[in-house]
Amino acid sequence: MSLLEQQNLAKSLGISLTKEKPKKEEHVLPPLPNANKYEKIRVRFAPNPDFAIHLGNARAAILNDEYAKIYHGIFILRFEDTSPSVKPPMLEAYDAIREDLKWLGVNWHEEYIQSERLPIYYDYAEKLLEIGGAYICTCPPEEFRKLVNSSKPCPCRDLPIEKQLKRWEGMMDGSIKKGGAVMRIKTDLNHPNPAIREWPAMRIDTKPHPLQGQKYRVWPLYNFACGIDDHLMGITHILRGKEHEVNTQRQIYLYKYFKWEYPEVIHYGRLKIEGTILSKSKMRQGIEMGLFKDWEDPRLGTIAALRRRGFLPETIRRLILEVGVKPSEATISWDNIEAINRKLLDPITKRFVFIPNPIKLEIQGLTKEFEARIPLHPDRPELGNVTYKVGPSNNTIFVPLRDISGIKVGTIFRLMNLFNVELLSPSICVYIGESIEEIRRINAPIIQWLPYGIELSIVMHDGSTIDGIVDRNILNENLPNVFQFYRFGFVKIYKEDGKIKGYYTHD
RNA sequence: GCUCCGGUCGUAUAGUCCGGUCAAGUAUACUGGCCUUUCGAGCCAGUGACCCGGGUUCAAAUCCCGGCCGGAGCACCA
Numbered sequence: 186m187s188l189l190e191q192q193n194l195a196k197s198l199g200i201s202l203t204k205e206k207p208k209k210e211e212h213v214l215p216p217l218p219n220a221n222k223y224e225k226i227r228v229r230f231a232p233n234p235d236f237a238i239h240l241g242n243a244r245a246a247i248l249n250d251e252y253a254k255i256y257h258g259i260f261i262l263r264f265e266d267t268s269p270s271v272k273p274p275m276l277e278a279y280d281a282i283r284e285d286l287k288w289l290g291v292n293w294h295e296e297y298i299q300s301e302r303l304p305i306y307y308d309y310a311e312k313l314l315e316i317g318g319a320y321i322c323t324c325p326p327e328e329f330r331k332l333v334n335s336s337k338p339c340p341c342r343d344l345p346i347e348k349q350l351k352r353w354e355g356m357m358d359g360s361i362k363k364g365g366a367v368m369r370i371k372t373d374l375n376h377p378n379p380a381i382r383e384w385p386a387m388r389i390d391t392k393p394h395p396l397q398g399q400k401y402r403v404w405p406l407y408n409f410a411c412g413i414d415d416h417l418m419g420i421t422h423i424l425r426g427k428e429h430e431v432n433t434q435r436q437i438y439l440y441k442y443f444k445w446e447y448p449e450v451i452h453y454g455r456l457k458i459e460g461t462i463l464s465k466s467k468m469r470q471g472i473e474m475g476l477f478k479d480w481e482d483p484r485l486g487t488i489a490a491l492r493r494r495g496f497l498p499e500t501i502r503r504l505i506l507e508v509g510v511k512p513s514e515a516t517i518s519w520d521n522i523e524a525i526n527r528k529l530l531d532p533i534t535k536r537f538v539f540i541p542n543p544i545k546l547e548i549q550g551l552t553k554e555f556e557a558r559i560p561l562h563p564d565r566p567e568l569g570n571v572t573y574k575v576g577p578s579n580n581t582i583f584v585p586l587r588d589i590s591g592i593k594v595g596t597i598f599r600l601m602n603l604f605n606v607e608l609l610s611p612s613i614c615v616y617i618g619e620s621i622e623e624i625r626r627i628n629a630p631i632i633q634w635l636p637y638g639i640e641l642s643i644v645m646h647d648g649s650t651i652d653g654i655v656d657r658n659i660l661n662e663n664l665p666n667v668f669q670f671y672r673f674g675f676v677k678i679y680k681e682d683g684k685i686k687g688y689y690t691h692d
């Protein structure tokens with residue numbers, strides 16, 4: 186049925202086709218709890234600069250950014266780099282993260298680096314020791330665990346405050362060696378969850394820090410630094426992954442001692458992408474083992490890799506908003522990400538012809554010159570065309586090996602935007618006419634071709650490459666940029682050392 | 001093992017708090033058709049889900065209980 190026929194049928198049935206369709210679901214975030222309780226909403230994104238951020242991290246950044254924008258609040262970027270030896274920060278990661286955030290359209294109003302704030306944590310640690318909210322524990326970890334698992338206090342817990350402060354001094358001045366002592370927060374020894382009992386807040390770490398060198402030997406642990414900072418920075422709402430649920434409970438003890446009010450917390454479930462690694466440590470490991478080139482490797486789920494492959498920041502934001510803040514786990518499929526990106530890319534990308542694995546094809550039977558006009562965008566004629574001439578004296582073109590090898594000798598096919606030919610041998614065809622209707626009627630293939638072009642190597646998702654030739658007019662475009670290659674897919678093109686290089690986006 | 005948290009089409013999500021308008025909406029994927037000198041986009045149609053079992057109720061995706069399944073945490077990591 187033609188469109189007109191469909192419309193007529195619809196009319197006769199009393200159905201209106203032009204009636205506005207249900208509006209596309211704009212994914213809107215649920216309101217923040219008790220938002221009106223606070224004068225100014227303050228949220229934070231607190232990455233560990235031990236690697237580039239990936240989609241899972243970006244989720245936290247975008248969610249917080251969205252809320253900051255909705256409520257005209259303040260977004261704080263806080264680098265949590267207080268573990269010199271277990272999660273050693275990478276110097277390049279600080280700027281890489283800033284760059285990724287900017288690219289994602291995340292604006293931050295304040296920025297802090299925890300490793301620059303150690304005196305603050307020391308100050309609160311001492312206060313806590315003075316009011317008896319914490320103690321310095323010198324028990325071997327094994328023994329301590331045994332005690333705490335059976336809800337018993339360790340011998341250090343009830344030592345007098347003077348003794349605690351003395352030990353603290355020992356941690357600070359070096360008379361207690363690494364591993365010799367740790368500051369613990371006094372909690373409820375009978376708390377049903379042993380993981381919450383008597384959690385550690387400060388430990389000795391002597392490994393040089395990329396920003397601080399060996400200036401400090403006592404470092405706060407996550408819950409202490411994070412808990413103190415969230416209060417000091419006036420955070421009103423914390424959005425964090427489910428893996429932090431017990432940390433939230435742990436930190437509440439801290440807030441009770443200092444008589445602070447704990448921020449509102451929203452825990453969301455983990456984010457996975459089918460078939461893609463989203464773990465910083467695994468990605469790091471893979472790079473060390475030589476499996477991946479760097480953190481921009483197309484096989485990884487880092488923001489840098491997605492950017493290099495041609496995903497748009499808007500795609501990532503839409504995806505994150507679609508997934509929302511549910512506490513259940515979500516496994517995102519590439520289909521969905523690509524569909525969002527394709528929809529955004531389609532109207533704005535120019536089309537070019539690319540011939541993967543080009544093979545020469547001679548055209549016989551030409552008596553005049555033909556000019557092919559290939560539009561830069563089929564739906565936007567105002568963008569113009571590129572033109573190629575084919576005639577008796579220039580009758581050799583390149584076609585994709587894959588397409589031509591699928592065509593049997595003696596069958597008819599069409600050279601896109603040019604004319605129809607019949608294959609005489611794997612490398613020779615003959616002109617037989619111009620009718621596109623004829624091709625449609627017999628459902629013959631239409632393949633792209635090029636009389637000449639420039640070499641281009643495209644890196645695919647699995648790290649492999651496809652070589653071919655591309656329309657040289659692409660050199661007149663601003664690079665890097667994403668294009669759609671006819672019958673091939675979207676590709677992001679870069680200029681590297683005078684040559685162009687491509688990264689496959691998706692089909 | 002212990003402590004938490006979850007389970008709606010293949011995937012993601014709406015609905016769950018405040019039971020009825022949900023014989024469950026949307027996107028994507030898939031199938032068919034239309035359009036089109038791209039195997040892209042667009043348009044039309046179709047297939048497809050409330051984990052299971054009890055209970056409460058006139059009425060349950062929504063409330064209660066049990067089971068099953070899944071996830072997270074149980075670091076001197078973040």
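Residue numbers (my numbering): 186 to 692. Beta carbons are placed, not taken as given, at the ideal position from N, Cα and C, and that holds for glycine. This structure is a prediction, so every number in the text was calculated from the model and none was measured.
### Message
Tell me the DSSP secondary structure of Gly694 in three-state form.
### Response
Residue numbering for the chain in the displayed model covers 186 to 692; residue 694 lies beyond these limits and cannot be assessed.
#### Entry: 7 Å CB neighbourhood of Pro234 in its chain, flanking five on each side removed
Apart from the 5 residues on each side of it in sequence, Pro234 sits with its Cβ closer than 7 Å to the Cβ of Phe264, Asp266, Pro274, Met275, Ala278, Tyr279 and Ile282 in its chain, given in chain order.
### Query
Ile678 bridges to which residues according to DSSP?
Here Ile678 is bridged, per DSSP, to Asn666 and Gly687.
### Message
Looking only at its chain, what residues have a beta carbon closer than 8 Å to the beta carbon of Lys208, apart from the 5 residues adjacent to it on each side?
### Response
Summary for Lys208: the model assigns pLDDT 37, below 50, so the residue's position carries little reliability, and this model does not support an answer.
#### Entry: Backbone secondary structure at Leu693 - three-state DSSP
This structure cannot settle anything about residue 693, because the visible part of the chain is limited to 186 through 692.
### Query
Residues in its own chain within less than 7 Å of Asn378 by CB, not counting five upstream and five downstream?
The residues are Val431.
### Query
Are Pro563 and Ile632 close, meaning C-beta to C-beta below 8 Å?
No, Cβ-Cβ distance for Pro563 and Ile632 is not below 8 Å.
### Message
Quick check: what's the CA-CA separation for Lys351 versus Leu313?
### Response
The C-alpha of Leu313 is placed about 14 Å away from the C-alpha of Lys351.
#### Entry: First through last residue of the beta strand (DSSP E) which encompasses Phe765
Since the first residue of the chain shown is 186 and the last is 692, residue 765 is not available in this structure.
### Task
Please report how far the alpha carbon of Glu224 lies from the alpha carbon of Arg484, in whole angstroms.
Computed Cα separation, rounded: 44 Å.
#### Entry: Neighbourhood of Ser518 by C-beta, 6 Å cutoff - its chain only, sequence neighbours within 5 removed
Excluding sequence positions up to five before and after Ser518, its CB lies within less than 6 Å of the CB of Glu459, all in the same chain and listed in chain order.
### Query
What whole-angstrom Cβ distance do Asn542 and Ile559 have, given they're in contact under 8 Å?
Actually they are not in contact, since the Cβ atoms of Asn542 and Ile559 sit about 20 Å apart, beyond 8 Å.
### Task
Below 8 Å on the Cβ atoms is my guess for Ala243 versus Trp480; work out the distance and round it to an integer in Å.
With 8 Å as the limit, Ala243 and Trp480 do not qualify as a contact, their Cβ atoms being about 13 Å apart.
### Task
Taking Thr516 as part of the beta strand (DSSP E), name the residues at either end of that continuous run.
From DSSP, the beta strand (DSSP E) with Thr516 extends over Ala515 to Ile517.
### Task
Could you tell me which of Tyr440, Thr323, Trp293 and Arg382 sits nearest to Asn334, measuring between CA atoms?
Considering only alpha carbons, the answer is Arg382.
### Query
Taking Cβ positions, are Leu344 and Val510 nearer each other than 8 Å?
No; because the gap between Cβ atoms is not below 8 Å, this pair is not in contact.
### Query
According to DSSP, which residues form a beta bridge with Pro129?
With the chain represented from 186 up to 692, any question about residue 129 goes unanswered, as that position is not in the structure.
### Query
In terms of residues, what are the limits of the alpha helix (DSSP H) holding Tyr320?
Per DSSP, Tyr320 belongs to no alpha helix (DSSP H); it is in the beta strand (DSSP E), Ala319 to Cys322.
### Task
Could you tell me whether the region 300 to 312 touches the region 420 to 429, using the rule of 3 or more Cβ pairs below 8 Å?
Fewer than three pairs of CB atoms, one per stretch, sit closer than 8 Å, so the region 300 to 312 makes no contact with the region 420 to 429.
### Task
Check the DSSP bridge columns for Gln549 and list the partner residues they point to.
Answer is Val615.
### Query
How would you write the range of the alpha helix (DSSP H) that Asp285 sits in, first residue to last?
Where Asp285 is concerned, the enclosing alpha helix (DSSP H) stretches over Leu276 to Leu289.
### DSSP bridge partner residues for Glu449 (one or two, in chain order)
BP columns for Glu449 point to His422.
### Query
Got a sec, what are the start and stop residues for the alpha helix (DSSP H) Gly412 sits in?
Per DSSP, Gly412 is one residue of the alpha helix (DSSP H) stretching across Tyr407 to Leu417.
### Nearest-angstrom beta carbon gap, Gly674 and Asp692 [assumed within contact, 8 Å]
With 8 Å as the limit, Asp692 and Gly674 qualify as a contact, their Cβ atoms being about 4 Å apart.
### Query
Helix, strand or coil: how does DSSP classify Asp588 here?
In the displayed model, Asp588 falls within a helix according to three-state DSSP.
### Message
As a quick exercise: from Glu296, Ile370, Ile316 and Tyr447, pick the residue whose alpha carbon is nearest that of Asn219.
### Response
Of the listed residues, the one whose Cα sits closest to Asn219 is Tyr447.
### Query
Expressed to the nearest angstrom, what Euclidean distance is found between the alpha-carbon atoms of Ile522 and Asp358?
Ile522 and Asp358: Cα-Cα distance of roughly 53 Å.
### Query
By Cβ distance, which residues of its chain are closer than 6 Å to Glu402, with the 5 residues on each side in sequence left out?
It is worth fixing the name first, because residue 402 is Arg in this sequence and not Glu. Non-local C-beta neighbours of Arg402 in its own chain, meaning closer than 6 Å and more than five positions away in sequence, comprise Ile389 and Thr391, ordered along the chain.
### Query
So which of Asp308, Lys331 and Tyr252 has the shortest CA-CA distance to Asn292?
The option with the nearest alpha carbon to Asn292 is Tyr252.
### Nearest to Asp285 (by Cα), restricted to the options Lys528, Arg469, Met645 and Arg493
Measuring from the Cα of Asp285, the nearest candidate turns out to be Arg493.
### Query
Expressed to the nearest angstrom, what Euclidean distance is found between the alpha-carbon atoms of Pro325 and Val367?
Spanning the alpha carbons of Pro325 and Val367 requires a straight line of approximately 10 Å.
### Query
Roughly how many angstroms lie between the CA atoms of Tyr256 and Thr421, to the nearest whole one?
So the two alpha carbons sit approximately 12 Å from each other.
### Message
Taking 6 Å as the limit between beta carbons, can you name the residues of its chain near Leu332, skipping five residues before and five after?
### Response
Within the same chain, Leu332 has close Cβ partners Cys339.
### Query
Which of the three DSSP states, helix, strand or coil, is assigned to Glu296?
Note: Glu296 maps to strand in three-state DSSP.
### Query
Could you give the residue range of the alpha helix (DSSP H) that holds Gly170?
Outside the displayed span of the chain (186 to 692) sits residue 170, for which this structure offers no information.
### Query
Ends of the beta strand (DSSP E) at Thr650?
For Thr650, the uninterrupted beta strand (DSSP E) segment begins and ends at Thr650 to Val655.
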